[in-house]
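The letter at position 118 of the sequence shown is residue 144 when you use the numbering used here, and the numbering goes up by one with no holes.
Quick notes on the structure that follows.
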Amino acid sequence: MPRKGPIMERVHLLTLGCPKNLADSELMLGALAQAGFEITLDPEDAQVLIVNTCAFIEAAKKESLDAILDAAEVKHRGAGKRLVVAGCLSQRYGEELREKLPEVDVFVGTGNFLELPELLRRTEAPEARATVYPGAAHLLPRATAPRIKTGDFFTSYLKISEGCNHTCAFCIIPKIRGRHESRPLEDLAAEARALTASGVREINLIAQDLTAYGRDLDSRTSLAALLRELSRIDDLHWIRLLYCYPNFVTDELLDTIAELPNVVKYIDMPLQHADDAILRAMRRERSGAALKKLLERVRARIPGVALRTSFIVGFPGETDAAFARLVDFVREIEFDRVGVFTYSREENTAAGELPDQLPERVKRERRAALMETQADISLKKNRGLVGRDVEVLVEGPLPGRATRTRGRTAGQAPDIDGSVFFKGEAEPGEFVRVRIEKAQSYDLHGSVAGLWSGEEERVASHG
Ligand code: SF4
Numbered sequence: 027m028p029r030k031g032p033i034m035e036r037v038h039l040l041t042l043g044c045p046k047n048l049a050d051s052e053l054m055l056g057a058l059a060q061a062g063f064e065i066t067l068d069p070e071d072a073q074v075l076i077v078n079t080c081a082f083i084e085a086a087k088k089e090s091l092d093a094i095l096d097a098a099e100v101k102h103r104g105a106g107k108r109l110v111v112a113g114c115l116s117q118r119y120g121e122e123l124r125e126k127l128p129e130v131d132v133f134v135g136t137g138n139f140l141e142l143p144e145l146l147r148r149t150e151a152p153e154a155r156a157t158v159y160p161g162a163a164h165l166l167p168r169a170t171a172p173r174i175k176t177g178d179f180f181t182s183y184l185k186i187s188e189g190c191n192h193t194c195a196f197c198i199i200p201k202i203r204g205r206h207e208s209r210p211l212e213d214l215a216a217e218a219r220a221l222t223a224s225g226v227r228e229i230n231l232i233a234q235d236l237t238a239y240g241r242d243l244d245s246r247t248s249l250a251a252l253l254r255e256l257s258r259i260d261d262l263h264w265i266r267l268l269y270c271y272p273n274f275v276t277d278e279l280l281d282t283i284a285e286l287p288n289v290v291k292y293i294d295m296p297l298q299h300a301d302d303a304i305l306r307a308m309r310r311e312r313s314g315a316a317l318k319k320l321l322e323r324v325r326a327r328i329p330g331v332a333l334r335t336s337f338i339v340g341f342p343g344e345t346d347a348a349f350a351r352l353v354d355f356v357r358e359i360e361f362d363r364v365g366v367f368t369y370s371r372e373e374n375t376a377a378g379e380l381p382d383q384l385p386e387r388v389k390r391e392r393r394a395a396l397m398e399t400q401a402d403i404s405l406k407k408n409r410g411l412v413g414r415d416v417e418v419l420v421e422g423p424l425p426g427r428a429t430r431t432r433g434r435t436a437g438q439a440p441d442i443d444g445s446v447f448f449k450g451e452a453e454p455g456e457f458v459r460v461r462i463e464k465a466q467s468y469d470l471h472g473s474v475a476g477l478w479s480g481e482e483e484r485v486a487s488h489g
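Below, the structure is given as structure tokens:
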């Protein structure tokens, strides 16, 4: 990373929230390093402490506030330290937080965090502190924007667009991140090539809604066109799609996923519910029957696809019968992966104003019941893999267990899905063949049976 001028200060950054926030953090670190800041993993050792926050739901806000208070304690222990709050919480509540958190020196929003080096310079004098710089709702970085990748060297997220034009009744994101805007296709291809040249073998495409990609650009640009471009990159072994809004999953997209060998047969499509009345109240526009038809279409066009979805339980007005319909739907469809969230009442959202808000206890019970339903389905599907050889991306040895290694199949996305634990020699970033010997609801266990040659049949869905 080229540096301009001498090293000025050491900076520590903590990221909360989703992979989209992590992608922003990596850009923030890139901008800081380019400006001469040194990155440190030890907050005690840093002169600048940054918390990149999340404000999606109440629990995320609380986690962010706790992290800010922890960082404020670190700040008080050392002379001359500064505390920066970045991300969605800052964008949404910057002014309010300034009153409540006088220990914070700089608030920077989701659209101007690349200006952080300059803002830190401006606020070097103590009297210039406690400043809010919210900027625009979001920014679209150029491919040339320096980025410091964190985490495993062989996998990366690639944010292809920002913002969202949907109006889901429960969601505050469009108010924080603004309207949808796509990054240029050639920028994304350049960034993906640079990532692959640095050793990345898996790219996970992220956005608020991947399927919106390209609709604000020229008529030739679409998610399918982007996949075709990325699939040409040598050594890019897995390309994965996370967050596809169901209404815009076209046949062209499905056929492209099916046809390109390095696009994993995995779709993450948050459905949120399956009861017609709740879907309408959520402003998700689709009926349970339409969703079922869509899922049949996905499975017919991409044989062996692993389907991930997420649901919100305890939405206002969700009756016992509506919840039972959701459970039936999950039983009938047999998704590969399901995430279940309890509804969080957010101010300034349409759902926050709805009558019949449910008690937290009911929401928690429904979440546990739906998770239990899915655990049985996942176990059954995972058992179907016992005795088979699957392609596994090696992540590395298990801490404290030198003889066990962890990895993921094509049907397991990083951070959100389960893992494969196996015996045998394998290096991080390699693709190996693992014979599955034991299955649990979320994880698989086995032994290395050789390197993955690419000739074998790839298994994504464990069904
Ligand atoms: S698609 Fe709906 S839930 Fe997702 S970010 Fe947009 S408004 Fe929020």
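Positions of the beta carbon are idealized from the N, C-alpha and C atoms, including for glycine.
Check                                                                                                                           : Outcome
Beta carbon nearer than 6 Å to a non-hydrogen atom of ligand 1                                                                  : C190, H192, C194, C197, I199, P200, Q234, D235 and Y271
Neighbourhood of T66 by C-beta distance below 8 Å, restricted to the same chain and skipping five residues each side            : R36, V37, H38 and A72
Reduced DSSP secondary structure (H/G/I, E/B, other) of S336                                                                    : strand
7 Å Cβ cutoff met for R266 and G455                                                                                             : no
Euclidean distance between Cα positions of P18 and T247                                                                         : Residue 18 falls outside the range modelled here, since the chain spans only 27 to 489, and no answer is possible.
Residue from D294, E386, A250 and Q234 with nearest C-alpha to D281                                                             : A250
For F355, the first and last residue of its enclosing beta strand (DSSP E)                                                      : Element bounds for F355: not the beta strand (DSSP E) but the alpha helix (DSSP H), D346 to I359.
Cβ-Cβ separation, V158 to E121 (assumed contact under 8 Å), whole Å                                                             : 6 Å
6 Å CB neighbourhood of R310 in its chain, flanking five on each side removed                                                   : Q298
G489, DSSP secondary structure in three states                                                                                  : A caution first: G489 carries a pLDDT of 43, below 50, which makes its placement in the model unreliable, though a value can still be read off. Note: G489 maps to coil in three-state DSSP.
Inter-residue spacing [alpha-carbon to alpha-carbon] between S257 and R393                                                      : 38 Å
Residues near M27 by beta carbon distance below 8 Å, same chain, minus five either side                                         : Unreliable positioning characterises M27 in this predicted model, as indicated by a pLDDT of 45, which lies under 50. A coordinate reading is not provided.
Reference V111, options A105, R103, L123 and V100, closest by Cα                                                                : L123
Beta bridge counterpart(s) of V7 as assigned by DSSP                                                                            : In the structure as shown, the chain starts at 27 and stops at 489, and residue 7 therefore has no counterpart that could be examined.
Secondary structure of R312, DSSP reduced to three states                                                                       : coil
Same chain, Cβ closer than 7 Å to Y468, five either side skipped, listed in chain order                                         : S404 and G444
Status (buried if at least 16 other CB within 10 Å, exposed otherwise) for P329                                                 : exposed
C-alpha distance - H488 paired with L127, whole-angstrom precision                                                              : Here the model assigns H488 a pLDDT of 49, short of 50, so the residue's position is not dependable, and the following value carries that caveat. Those two C-alpha atoms are separated by around 48 Å.
Closest Cα partner of G480 within the set D415, V446 and D441                                                                   : D415
Cβ pair R189, P160 closer than 7 Å                                                                                              : It is worth fixing the name first, because residue 189 is Gly in this sequence and not Arg. Not a contact, by the Cβ cut-off of 7 Å.
Chain-order list of residues whose beta-carbon lies under 7 Å from that of E278 (same chain, five-residue window excluded)      : A250
Which residues DSSP lists as bridging K449, in chain order                                                                      : R430 and S473
Candidates T375, G43, L419 and H471: closest to G413 by CA position                                                             : H471
Check whether G5 and A163 have beta carbons under 7 Å apart                                                                     : Here the chain comprises residues numbered 27 to 489, so residue 5 is not present and cannot be evaluated.
Contacts around R155, its chain only, beta-carbon distance under 6 Å, and the 5 residues preceding and following it disregarded : D131 and T149
Exposure of P143, with buried meaning 16 or more beta-carbon neighbours within 10 Å                                             : buried
L57 - containing alpha helix (DSSP H), residue span                                                                             : Note that residue 57 is Ala in the sequence shown here, rather than Leu. Taken as a continuous stretch (DSSP letters only), the alpha helix (DSSP H) holding A57 covers P45 to Q60.
Spatial distance of C80 from M308 (CA atoms)                                                                                    : 22 Å
Classification of S473 by the beta-carbon crowding that lies within 10 angstroms, buried from 16 upward                         : exposed
Assigned secondary structure, E188 (DSSP; H/G/I helix, E/B strand, else coil)                                                   : strand
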